Amino acid sequence: MTPETEAERGTKKSLVDSLRRVTTSGRYIPEIDGLRFVAIASVLLYHLEKMSNITCGTCVSNGGSNPIFFVLLHMGRGVPIFFAISGLVLGLPFAQQHITGGPKVGLKAYFLRRVTRLEPPYIINLLMRFPLVVALKHLPVMEVLPHLLASLLYLHWLMYGVHPLVHPPSWSLEVEVQFYVLAPLLAVLFFPRPKWARRLLLVGLIVGFGAVAAHIPEHPESRYTLSLAWSVQYFLAGLLMADGYITVLPRIRSSWWWDVVGVPLWYVVFSMSDREAGYWMPALLVVLFISAFRGKLLNRFFRNAFVATVGGMCYSIYLTHSLVMDGCYWVFGRVHFLTGFARLYGAGVVIGLPMVLMVGTVFYVLIERPCMDREWPRKLGRYLRERFAIGVAS
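Here is the structure:
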């Protein structure tokens, strides 16, 4: 259950391994990408439910009484799972620095890595969508342009208080960026303290922000619900996980009991009411995090090559999935025998999801994965200089 180094992975390369993410530290923790798989899969299933309902004219009002529909309505909780994972991943280097005396995290390198790693795929996705939004929604260019600029600056939530026009799912990426900016400050606030103090402070803030969010409905959206303040409890839960990963997890033994606890808790996460989730979901995610590492069956699942690899491509899939789904359901709505929610949803699963995975993989290979190389700006600059020199010489 230990992280793999790039060298260790290189000795057992396969097609799946060649698609795995390149990590900043050179050490790969497959369980984290396995958790990302659950998050992106639940988001996709949630959006399939929305698209199926829209296409058939809201044929399943409020999910009906079927518990399966009720779970599908709450699959959007994959986004808070992403938030908790971000808290864990970004918190780990700071936790190692302050708790175990690990290498100091350089802020310049920290922010530069965020920019060079995440910005190119994000910007390219928005620029690809911009003309499509103008054409398909029949909107004037000058009406859409301010929304594009707001999204490029991650400020659409603040400027408009609604989901972004060019790429609606990027509201969560704007929240992520708010956390990226504050993460070093939060790390200094929590991790240097004695363990009882930092954990008590984290738990208190998680409970407090969760209780507030539980009493504020997500819809209609507002500047508050689209901001970090509404979701910060999940990022804080991730910071608590980072603490536990270093100080507690090594002392916990692998056991089938973690499977017995973890498997039903995943159902609970996606079946609770919104108010219950506000109170309990951050705590449940901490338990599920432990079960992913220490459950015998669950750990095998989260370390599975396919699961971890798809989870590692979640950013590209998240950026591209809505456009692919829109295209698929435009076709589904014109196929006469695809009537009713069940058939439309089934078509989405059987046809739409493979298309989403295919397009997301292509985007990942061509755009995102090259940006995982921290030296890519230097390499690109050298390549362009060489090409320019060849052009001048000829």
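Sequential numbering from 1 applies to the sequence shown in this note's numbering. Heads up, the beta-carbon is just placed ideally off N, CA and C, and yes, glycines get one too. As the structure is a prediction and not an experimental result, all values here were calculated from the model.
Contact annotation: residue 80 and residue 281 have beta-carbon atoms nearer than 9 Å. Residue 116 is positioned such that its CB atom lies no closer than 9 Å to that of residue 195. Residue state for residue 52 is assigned as helix, using DSSP reduced to three classes.
For the pair residue 272 and residue 287, the Cα-to-Cα distance works out to about 16 Å. With the rule of 3 Cβ pairs closer than 8 Å, the region 351–363 counts as touching the region 315–324.
Straight-line measurement puts the Cα of residue 383 at about 43 Å from the Cα of residue 292.
For residue 295, the secondary structure class from DSSP, reduced to helix, strand or coil, is strand.
In this structure, the straight-line span from the alpha carbon of residue 56 to that of residue 168 is close to 21 Å. Looking at the DSSP output, residue 231 bridges to nothing. When C-beta atoms of the region 300–312 are compared with those of the region 33–46, three or more pairs fall below 8 Å, so the two segments count as touching. Under the three-state reduction of DSSP, residue 316 is assigned to helix. Our two residues, residue 120 and residue 373, have alpha carbons roughly 12 Å apart in a direct line. By the CB criterion at 9 Å, residue 166 and residue 129 fall inside the cutoff. Annotated as proximal: residue 42 and residue 270, with beta-carbon spacing under 9 Å.
For residue 147, the uninterrupted alpha helix (DSSP H) segment begins and ends at 141–152. At least 9 Å separates the beta-carbon of residue 190 from that of residue 274. The region 102–143 is shown to contain whole alpha helix (DSSP H) runs of 4 or more residues at 107–136, in chain order. Counting only residues of its own chain and dropping the five nearest sequence neighbours on each side, residue 68 has no CB closer than 6 Å to any other CB. Contact holds between the region 227–237 and the region 172–188, because three or more Cβ pairs, one in each stretch, are under 8 Å apart.
As summarised for the region 191–223, there are no continuous beta strand (DSSP E) elements at least 3 residues long confined to that stretch.
Spanning the alpha carbons of residue 299 and residue 340 requires a straight line of approximately 38 Å.
Per DSSP, reduced to three states, the secondary structure at residue 255 is strand.
Taking all protein chains shown into account, residue 209 has 16 or more neighbouring C-beta atoms within 10 Å of its C-beta and is therefore buried. Judged by DSSP secondary structure, residue 156 falls within the alpha helix (DSSP H) whose first and last residues are 156–160.
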